[in-house]
Amino acid sequence: MAIEMDEPEVDGLGAAARALRAWQYDGAQPQLHPGDLGWYWRFGVERTAAAVRTWSRDGEVVAVGLLDEPDLLRVAIAPEQQRDEELARQLAEDVSAPERGVLIEGKVYVEAPMGALVRELLQKDGWESDEPWVPLRRALDEPVEDPGVRVDVVGPEQASERTTVQRASFDGSTFTEERWHAMAAGAPYEDARCLIARNAQGDAVAAITVWSAGEGKPGLIEPMGVHRTHRGRGYGQAITVAGARALRELGASSAVVSTPGFNVGAVATYTSAGFVPQPETRDVYRPG
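According to the UniProt record's numbering, the sequence shown is numbered sequentially starting from 1.
Here is the structure:
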């Protein structure tokens with residue numbers, strides 16, 4: 001049976017999330033994680049459904065795409081299907097044709113596993129490699145050290161503090177208390193934790209959200225930030241260690257995160273928290 005692309009309804013998001021969970025394993029090429037879907041859920045379930053695309057064969061989901069932006073599609077592919085020619089050709093056709101309703105016209109980007117055949121097909125058609133990203137990983141088979149600062153698990157009562165730290169960590173952030181509640185209501189958040197680190201005065205100075213994909217699978221950090229007025233004091237390392245501890249408690253086999261290669265400060269923070277850089281990844285893009 002041919003590959004079929006679908007924009008799932010709200011009720012169909014569960015199938016996409018289950019597929020993403022099933023495809024995570026240690027040693028795999030980094031690709032879209034259920035936590036990425038969970039983080040996007042802050043925009044609401046309807047908008048999340050509108051941003052998701054699935055590709056199926058014989059009723060089984062074999063690829064999932066998330067439109068992080070109108071010009072950026074992040075794609076996960078079932079590990080055993082990443083070199084499947086029929087799927088790769090269908091993916092390449094769908095992302096290359098604006099009338100298919102996946103990506104807009106002009107310059108657009110696709111993130112897909114580095115070894116996936118679809119990348120090669122797109123590059124043969126004139127797509128180019130973008131700037132490098134650095135994935136980092138910390139194994140969680142051993143207990144994680146104490147972060148050395150007070151760390152609180154965020155619930156509804158702390159949502160305002162959590163979102164305030166986010167906005168003070170990232171210029172242009174639109175993370176509000178309302179959006180935290182939308183994210184927390186999403187199915188992926190059942191296996192997630194938001195944490196805030198506090199200084200000696202009790203101020204919230206750093207925050208992290210971590211996402212488990214299930215027992216024995218890699219968990220994701222998305223995102224981590226330090227309040228701009230409290231940087232340079234080790235809080236990034238501390239909250240990252242706290243996030244790794246939380247993922248281990250959730251049953252994750254490892255903690256993973258990716259950051260742009262030019263962000264040397266972020267790479268240094270994650271490395272100081274016990275994360276090991278992995279081979280770089282690159283999106284592919286179609287020049288405008």
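C-beta: ideal position from N, C-alpha, C; glycine also.
Item checked: Euclidean distance between Cα positions of V149 and L195 -> Locating residue 149 in the sequence shown gives position 149, where the first residue counts as 1. Locating residue 195 in the sequence shown gives position 195, where the first residue counts as 1. C-alpha separation (whole angstroms): 12 Å.
Notebook entry, point to check: Under the three-state reduction of DSSP, which class applies to D191: helix, strand or coil?
Noted result: Translated into positions along the sequence shown, residue 191 becomes position 191. Looking at D191 - three-state DSSP - the assignment turns out to be helix.
Notebook entry, point to check: At which residues does the beta strand (DSSP E) containing I221 begin and terminate?
Noted result: For the purposes of this step, residue 221 is taken as residue 221 along the sequence shown, with counting starting at 1. Segment P218 to V226, the beta strand (DSSP E) holding I221.
Notebook entry, point to check: Shortest alpha-carbon distance to P218 belongs to which of L66, R137 and G106?
Noted result: One-based indexing of the sequence shown puts residue 218 at position 218. Of the candidates L66, R137 and G106, the one whose C-alpha sits nearest the C-alpha of P218 is R137.
Next item on the list: Use the C-beta contact count for T259: other C-beta atoms within 10 angstroms, 16 or more gives buried, fewer gives exposed.
Entry: Here residue 259 corresponds to residue number 259 of the sequence shown, with the count starting at 1. Flag for T259 reads buried.
Next item on the list: Less than 8 Å between the CB atoms is what I'm expecting for L66 and V45, so what's the real figure, rounded?
Entry: Stepping through the sequence shown from its first residue, residue 66 is reached at position 66. Stepping through the sequence shown from its first residue, residue 45 is reached at position 45. That pair is no contact at about 14 Å.
Next item on the list: Give a yes or no on whether the C-beta atoms belonging to G27 and A213 are separated by under 9 Å.
Entry: Within the sequence shown, the letter at position 27 stands for residue 27. Within the sequence shown, the letter at position 213 stands for residue 213. No, the pair does not count as a contact, with Cβ atoms beyond the cut-off.
Note to self: Using the Cβ count rule (16 or more neighbours within 10 Å means buried), how would you classify G225?
What the structure shows: Position 225 of the sequence shown, counting from 1, holds the residue named residue 225. It is buried - the Cβ of G225 has at least 16 other Cβ atoms within 10 Å.
Item checked: Rounded straight-line distance, which links the Cα of L91 to that of V62 -> Translated into positions along the sequence shown, residue 62 becomes position 62. Translated into positions along the sequence shown, residue 91 becomes position 91. Approximately 11 Å between the Cα atoms of the pair.
Notebook entry, point to check: Among R18, G106 and N199, which has the Cα closest to the Cα of A187?
Noted result: Taking the first residue of the sequence shown as position 1, residue 187 is located at position 187. Out of R18, G106 and N199, R18 has the C-alpha closest to the C-alpha of A187.
Next item on the list: May I ask you to list the residues that DSSP assigns as paired with Y109?
Entry: Sequence index remark: in the sequence shown, residue 109 carries index 109 (1-based). In the DSSP assignment, Y109 forms a beta bridge with L72 and Y285.
Item checked: Rounded separation between D11 and L122 - CA only -> Translated into positions along the sequence shown, residue 11 becomes position 11. Translated into positions along the sequence shown, residue 122 becomes position 122. C-alpha separation (whole angstroms): 32 Å.
Checklist line | First and last residue of the uninterrupted beta strand (DSSP E) at P135 | finding: Working through the sequence shown from its first residue, we reach residue 135 at position 135. Counting along the chain, the beta strand (DSSP E) containing P135 begins and ends at E128 to A139.
Next item on the list: Return the chain-ordered list of same chain residues with a C-beta closer than 7 Å to the C-beta of R167, the five sequence neighbours on each side being excluded.
Entry: By one-based count along the sequence shown, residue 167 stands at place 167. Cβ neighbours of R167 beyond the five flanking positions: S173 and F175.
Note to self: DSSP three-state label for L66, please.
What the structure shows: The residue labelled residue 66 in the question sits at position 66 within the sequence shown. Three-state DSSP puts L66 in a strand.
Notebook entry, point to check: Near Q278, what residues of its chain come up, given a Cβ to Cβ distance below 6 Å and the 5 sequence neighbours on each side ignored?
Noted result: Taking the first residue of the sequence shown as 1, we reach residue 278 at position 278. Counting only Cβ-Cβ distances below 6 Å, and skipping sequence neighbours, we find P135 and R137.
Check: Can you round the beta-carbon distance between P147 and V241 to whole angstroms, since I take them to be within the 8 Å contact cut?
Finding: For the purposes of this step, residue 147 is taken as residue 147 along the sequence shown, with counting starting at 1. For the purposes of this step, residue 241 is taken as residue 241 along the sequence shown, with counting starting at 1. With 8 Å as the limit, P147 and V241 qualify as a contact, their Cβ atoms being about 4 Å apart.
Check: Of all the alpha helix (DSSP H) runs that stay within the bounds of the region 9-89, which reach a length of 4 or more residues?
Finding: Annotation note: the region 9-89 contains the following uninterrupted alpha helix (DSSP H) runs of length 4 or greater, listed N- to C-terminal: 13-22, 34-40 and 45-51.
Check: Just curious, the beta strand (DSSP E) that E4 is in, first and last residue?
Finding: Indexing the sequence shown from 1 puts residue 4 at position 4. First-last of the beta strand (DSSP E) with E4: E4 to D6.
Margin query: If the criterion is Cβ atoms closer than 9 Å, does the pair A159 and E177 meet it?
Written below: The residue you call residue 159 lines up with position 159 of the sequence shown. The residue you call residue 177 lines up with position 177 of the sequence shown. With respect to E177, A159 sits close: the two C-beta atoms are nearer than 9 Å.
Item checked: Beta-carbon contacts of V110 that lie in its chain and below 7 Å, excluding the five residues immediately before and after -> Looking up residue 110 in the sequence shown gives position 110. Once the five neighbours on either side are set aside, the close Cβ partners of V110 are L73, V75, V95, L122, D283 and V284.
Check: What number of angstroms, rounded off, separates the C-alpha of P113 from the C-alpha of R233?
Finding: Within the sequence shown, the letter at position 113 stands for residue 113. Within the sequence shown, the letter at position 233 stands for residue 233. The alpha-carbon atoms of P113 and R233 are separated by roughly 35 Å.
Check: Going by Cα to Cα distance, which pick from M5, L32 and G38 is closest to A182?
Finding: One-based indexing of the sequence shown puts residue 182 at position 182. Here the closest residue by C-alpha is G38.
Item checked: Chain-order list of residues whose beta-carbon lies under 6 Å from that of R100 (same chain, five-residue window excluded) -> For the purposes of this step, residue 100 is identified with residue 100 of the sequence shown, where counting begins at 1. Contacts found: D94.
Check: Closest by CA to V267, which one among Q237, P79 and G243?
Finding: Here residue 267 refers to the residue found at position 267 of the sequence shown. Nearest neighbour of V267 by Cα position, chosen from Q237, P79 and G243, turns out to be Q237.
Check: Are the Cβ atoms of G216 and S253 separated by less than 9 Å?
Finding: Start at 1 with the first residue of the sequence shown, and residue 216 comes out as number 216. Start at 1 with the first residue of the sequence shown, and residue 253 comes out as number 253. A contact, by the Cβ cut-off of 9 Å.
Check: The alpha helix (DSSP H) with I239 in it runs from where to where?
Finding: Stepping through the sequence shown from its first residue, residue 239 is reached at position 239. Y235 to E249 is the span of the alpha helix (DSSP H), which, as asked, contains I239.
Next item on the list: Confirm, please, whether the CB-CB distance from A246 to R193 is below 9 Å.
Entry: Taking the sequence shown and counting its residues from 1, one reaches residue 193 at position 193. Taking the sequence shown and counting its residues from 1, one reaches residue 246 at position 246. In contact: R193 and A246 (Cβ atoms closer than 9 Å).
Check: Taking Cβ positions, are I77 and V102 nearer each other than 9 Å?
Finding: Residue 77 sits at position 77 when you count from the first residue of the sequence shown. Residue 102 sits at position 102 when you count from the first residue of the sequence shown. No; because the gap between Cβ atoms is not below 9 Å, this pair is not in contact.
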